[in-house]
Amino acid sequence: MHAHTAEYPEHEGYDLFERAIVERDGHAWAVIYTRYRRLLLAWAQRFSRRLALNERADDLADQAFARAWAALTPEHFSRFPTLASLLAYLRSCVSSTVIDIARTRSAREQSLDTLEMSCEATPEQIVVGELERGEIWQIAGAATRSMQEQAVLVESFVYDQPPRSIHARHPELFPDVGSVYRAKRNLLERLQHNQSLQGLHLL
358 MHAHTAEYPE HEGYDLFERA IVERDGHAWA VIYTRYRRLL LAWAQRFSRR
408 LALNERADDL ADQAFARAWA ALTPEHFSRF PTLASLLAYL RSCVSSTVID
458 IARTRSAREQ SLDTLEMSCE ATPEQIVVGE LERGEIWQIA GAATRSMQEQ
508 AVLVESFVYD QPPRSIHARH PELFPDVGSV YRAKRNLLER LQHNQSLQGL
558 HLL
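Using this note's numbering, read the sequence shown as starting at 358 and increasing by one per residue.
Next up, the structure:
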C-alpha cells in the first residue's frame, strides 16, 4: 500500500468506508476524500499520461470520486472484504473516468460516419463496434446497472480482456468466470434494447 496510507491503521480505514457506504455518512465520505485524495491524484496523473490526456488531475480525481460515491451502495459493501479491495475500486473509477474523457475527445476529432459495419454483423458486433463512438460510449456507461457491468464495459471493450482475465483482475466482483460471461451478456442485451441507442438509429 502507498506510504501515505500506511500512517492509518487498515481497520480504521475499512471502518471509515463502512460508515460512508453502509450508513451513508457524509462526514465519513469527507474524511475519505481528504485522506485518499493524494492517491486519486497520483492515479489520475498516471492514467492521463498513458493516454496523452491533457486534463487537470484534480478534476479527474473529483469526477472519479463522485463516480465511486454514486456507485458504492450499502448492498455492494459486502463485496469488498478489505481496505485494499476498496482502494482498488477507487483506482478503477479513476481509470474509467480517464478512459471516458479520452474516448469522448477522440470521438469529437473523428467523423461519426467513418465507422462501417457489415450488413451481416451480429447484434453483439454492432454494439461493440458502436462503442467506439464517444456518444455511444456515454450511453453504454449510463446503461450499466452494477459494478460488475462497469468492469466488463471497461475491461472487455476498452482493454479487450477475455472473461478469464477479467475474473483474475477483479476477484472481488466476479466469484467465477461464468459470472463475467453473465454480466457481459446482460449488458449487451440491455444495450440492444436501449431506447437512446434506438433513437440514434444504430440498433
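Where a beta carbon is used, it is the ideal one built from N, C-alpha and C, also for glycine.
- The distance from the Cβ of residue 408 to that of residue 459 is about 5 Å, consistent with a contact at the 8 Å cut-off.
- Between residue 385 and the set 397, 372, 395, the nearest pair of CA atoms involves 372.
- Ranked by how close their Cα comes to the Cα of residue 429, the residues 445, 508, 378 have 378 in first place.
- Residue 525: member of the alpha helix (DSSP H) spanning 520-526, first to last residue.
- In the three-state scheme derived from DSSP, where H, G and I count as helix and E and B as strand, residue 506 is classed as helix.
- Approximately 11 Å separates the beta-carbon atoms of residue 390 and residue 447; this is outside 8 Å, ruling out the contact.
- Residue range 534-549 is occupied by the alpha helix (DSSP H) that includes residue 543.
- Note on residue 369: under 16 other CB atoms within 10 angstroms of its CB, so exposed under the neighbour-count rule.
- With fewer than 16 other Cβ atoms inside 10 Å of its own Cβ, residue 380 counts as exposed.
- Between residue 418 and residue 400, the gap from beta carbon to beta carbon is short of 9 Å.
- In this structure, the CA atom of residue 396 is about 15 Å from the CA atom of residue 453.
- Taking a C-beta distance under 9 Å as the contact criterion, residue 497 and residue 531 do not qualify as a contact pair.
- Within 10 angstroms of the beta-carbon of residue 512 lie 16 or more other beta-carbons, which makes it buried.
- With distances taken between CA atoms, residue 457 lies nearest to 420 out of 420, 522, 520.
- Here the C-alpha atom of residue 438 lies approximately 27 Å from the C-alpha atom of residue 517.
- Judged by their CB atoms, residue 451 and residue 404 are nearer to each other than the 9 Å cut-off.
- One Cα belongs to residue 367, the other to residue 449, and the distance between them is close to 20 Å.
- Residue environment: residue 505 is assigned as buried (16 or more neighbouring CB atoms within 10 Å of its CB, all protein chains considered).
- When secondary structure is reduced to three states using DSSP, residue 439 falls in the coil class, being assigned neither helix nor strand.
- In this structure, the straight-line span from the alpha carbon of residue 431 to that of residue 537 is close to 22 Å.
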